[in-house]
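Trainee: This is the structure, below, for whatever I ask next.
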Amino acid sequence: MHLIIPPIFDAAIMVSDLGAKLVDNPYTGHVEPRSEARRSLSGADIVKISVGPYDNNTYIVRCSESGRSLVIDAANDADVIIESIRRHSADVALIVTTHGHEDHWQALADVSQFTGAPTAAHRCDSAELPVPPDRLV
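The numbering of the sequence shown is the numbering used here, which starts it at 77 and goes up by one.
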C-alpha cells in the first residue's frame, strides 16, 4: 500500500480523488494547539497534531492493513508527539521531514530516539537537520 499525503490537504477532496470510503465523521481540519484530530479512511488512519508556537502540523499516518506508521514533520513538542504515538499504538516505520525550516524538525531527535525509526528528508535540506537522514529523497 502506498500513501501519498501532501503537507496540507482537504480530506474531502482526497477521499473523492482516491475513491476511498470515508469511515468517520466530517473533518474540519482544525486542531487546537497541542492537541490532535483523527481521520479514518478505508486504508489508513491519519492523526493530525498541532505543535509548537506556530501551530505546525505533525501527521501520523497508520496503514490499516499492516499497522505500520509514517510520521511527517516531527515539528515541535516531542512529548505531545510521543504521547500520540503511544496512544495510537503506532509502529513507526519512517519519519519524514518535509523541508529544512527549523519549525518542522524541533522534535526530530527525540521522536527518532523514541521510535528508533529511520528518517528521510530531501538532500538539499539534510545538512540543516539535527539527525542525519537515513534516506535522502
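Glycine included, every Cβ here is placed at the ideal spot set by N, Cα and C.
#1: For T195, count the other beta carbons within 10 Å of its own beta carbon; 16 or more makes it buried, fewer makes it exposed. Which is it?
#2: Around the Cβ of Q189, are there at least 16 other Cβ atoms within 10 angstroms (buried) or fewer (exposed)?
#3: For S160, does the three-state DSSP call read helix, strand or coil?
#4: Just to check my reading of the structure: V123 and S160 have Cβ atoms closer than 8 Å, yes? What is that Cβ distance to the nearest angstrom?
#5: With respect to the alpha helix (DSSP H) encompassing D186, which residues constitute its N-terminal and C-terminal limits?
#6: Whole-angstrom Cβ separation of A150 and I171, contact assumed at under 8 Å?
#7: How about V168 and T134: are their beta carbons less than 7 Å apart?
#8: Helix, strand or coil, according to DSSP, for E204 in the structure here?
#9: Should D210 be labelled buried (16 or more other beta-carbon atoms within 10 Å of its own) or exposed?
#10: For L117 and H177, what's the separation of their Cα atoms in angstroms?
#11: Answer with buried or exposed for G105, where buried requires no fewer than 16 other C-beta atoms within 10 angstroms of its C-beta.
#12: Is it right to say E141 is buried, meaning 16 or more other beta carbons lie within 10 angstroms of its own, or is it exposed?
Mentor: Looking at the atomic coordinates:
#1: Working through the sequence shown from its first residue, we reach residue 195 at position 119. Label assigned to T195: buried.
#2: Working through the sequence shown from its first residue, we reach residue 189 at position 113. Counting C-beta atoms within 10 angstroms of its own C-beta, Q189 has fewer than 16 neighbours from the protein chains shown and is therefore classed as exposed.
#3: On the sequence shown, residue 160 is found 84 positions in, with the first residue counted as 1. S160 sits in a helix when the DSSP states are folded into three classes.
#4: Start at 1 with the first residue of the sequence shown, and residue 123 comes out as number 47. Start at 1 with the first residue of the sequence shown, and residue 160 comes out as number 84. Rounded, the Cβ-Cβ distance is 6 Å, consistent with contact.
#5: In the sequence shown, counting from the first residue as 1, residue 186 sits at position 110. Residues L184 to T191.
#6: For the purposes of this step, residue 150 is taken as the residue at position 74 of the sequence shown. For the purposes of this step, residue 171 is taken as the residue at position 95 of the sequence shown. 6 Å between Cβ atoms; contact.
#7: Locating residue 168 in the sequence shown gives position 92, where the first residue counts as 1. Locating residue 134 in the sequence shown gives position 58, where the first residue counts as 1. Not closer than 7 Å, so no.
#8: Here residue 204 corresponds to residue number 128 of the sequence shown, with the count starting at 1. DSSP places E204 in the helix class (H, G or I) of the three-state scheme.
#9: Translated into the one-based positions of the sequence shown, residue 210 becomes position 134. Result: exposed.
#10: Counted from its first residue, the sequence shown places residue 117 at position 41. Counted from its first residue, the sequence shown places residue 177 at position 101. Here the C-alpha atom of L117 lies approximately 30 Å from the C-alpha atom of H177.
#11: The residue given as residue 105 occupies position 29 in the sequence shown. Flag for G105 reads exposed.
#12: Translated into positions along the sequence shown, residue 141 becomes position 65. Under a 10 Å Cβ-count criterion, E141 is classified as exposed, with fewer than 16 other Cβ atoms of the shown protein chains found around its own Cβ.
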